[in-house]
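In this note's numbering, the protein residues as written are 91 to 405.
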Amino acid sequence: MLTLSDEIVKVLLTPALAVDAARRAVLDSWHGRLASPPRLHAGAGNVDLAFTVGGYPDGLVGFRAYGSWPGSSDQAVLVWSGTGKLRGIVVGQELGVRRTGALGAVAADKLAREDAHTVAVIGSGVQAWAQLWALTAVRSVTEVRVFSPTLEHRTVFADRARSELGLPSQPVSEAQQAAEGADVIIVATRSSIPALKDEWVGPGTHLATVGPKLASAHEVPVSLLDRAQVAVSDSPAQAANYTEPFFTGRDLVHLGAIIDGVAPGRISHSDVTVYCSVGLAGSEVVIADAVISAAIASPADSQGAGSRSRGRNGT
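(1) For the putative contact between Y156 and A140, defined by C-beta atoms under 8 Å, what is the C-beta separation to the nearest angstrom?
(2) Restricting to Cα atoms, I'd like to know which of R129, L150, V151, N136 is closest to A142.
(3) Are the CB atoms of V211 and A378 within a distance shorter than 8 Å?
(4) Let me know if L94 comes out buried or exposed under the rule of 16 or more other beta-carbons within 10 Å of its beta-carbon.
(5) Considering only heavy atoms of the ligand SAH, does any lie closer than 7 Å to the CB of I283?
(6) Just mark V352 as buried or exposed, buried being the case when its beta carbon has 16 or more other beta carbons within 10 Å.
(7) Quick one: grab the DSSP three-state call for K303.
(8) Looking at the unbroken beta strand (DSSP E) that takes in W170, where does it start and where does it end?
(9) For R235, write down the residues that DSSP places opposite it in a beta bridge.
(10) With distances taken between CB atoms, is the gap from P105 to W219 smaller than 8 Å?
(11) For a minimum of 4 consecutive residues, which ranges assigned as the alpha helix (DSSP H) are wholly contained in the region 259 to 335?
(12) For A387, does the three-state DSSP call read helix, strand or coil?
(13) So the beta strand (DSSP E) F337 belongs to, where does it begin and stop?
(14) Does D288 have its Cβ less than 8 Å from a Cβ in chain C?
(15) Thinking just about the alpha-carbon of each residue, which of S388, R114, Q267, A307 is nearest to the one in L193?
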């Protein structure tokens, strides 16, 4: 059995591998092949533990667990084969955020224009980074404009995009500077009020919202959904379970239906499209399995960053 850390996830989980696995998870969820029940919560002392589960009939199954400690919690994703053998455990924080980024890239691949090259990033945290990281698998990015209210944060983000992703990137001092004229807009903030204005989003733009999406707290204006040709989610069912969703006046289309070709996505070059990220339950299991398979196939790449162990059942 393999135990894989954040370090090995960074090495083996490429944008292409993550997006391929995420696309498969979304499509399998749409067809009912991937079981992905709603997130479960269990109180444990002063901590709320959350569990997401995913699995296939007669195939792999697994779960992700994380807690509500202050700050960010390490996560553990356990994956079993169809025979009940534990294939591996992925621990840390990287898999979860890169999973979310990969789902966003799957949406961008179907909804952004083919000639989309200019990207605005509003937000400078790990979720914003993962969205940009994964987007490189589906579009040739030629310009990145990043806005964060904190100068240091947006500067560090732009520097990292240049050094790690090789993308021409610049920090900007206003969200409007980032958004206007962008082909793709990534909004990944903790803001409870819109971080951009509807009029900054031009014709033909694809926008992804990763942060708050409640009626009382949302990072993009509700009016943007009203004029979007299509509003999509990786799991409309999970979105419907929000206590007070801000998109009550608009039906969300399942991303899997668009991948499958049974629902329209972008129809014209001038369409505005919106992706509402909720984090499809079970997708992290599919992506973890892809990383485990990559580690098994490339043991030299995982040496020192992961470990093998043998349990009581011979796993």
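We put the beta carbon where it would ideally sit given N, CA and C, even for glycine.
Quick look at the numbers:
(1) Distance from Y156 to A140 at the Cβ level is roughly 6 Å; contact confirmed, criterion being Cβ atoms closer than 8 Å.
(2) Rather than Ala, the amino acid found at residue 142 in this sequence is Thr. Checked all of R129, L150, V151, N136; the closest Cα to T142 is R129.
(3) Taking 8 Å as the cut-off, the beta carbon of A378 is found no closer than this to the beta carbon of V211.
(4) Buried, because 16 or more other Cβ atoms sit within 10 Å of the Cβ of L94.
(5) Ligands in the displayed structure: none, and consequently the ligand SAH is not present.
(6) Burial state of V352 is exposed, judged by a 10 Å Cβ sphere holding fewer than 16 other Cβ atoms.
(7) If DSSP states are grouped into helix, strand and coil, K303 belongs with the strands.
(8) Here the beta strand (DSSP E) through W170 covers 165 to 170.
(9) In DSSP, R235 forms a bridge with A210, Q260.
(10) It is not a contact, given that the beta carbons lie outside the stated cut-off.
(11) Runs of the alpha helix (DSSP H) inside the region 259 to 335: 265 to 269, 312 to 317, 326 to 330.
(12) Helix at A387.
(13) Premise fails: F337 is in no beta strand (DSSP E) and is neither H nor E.
(14) In the displayed structure, chain C is absent; only one protein chain is listed.
(15) Checking every option, the nearest Cα to that of L193 belongs to R114.
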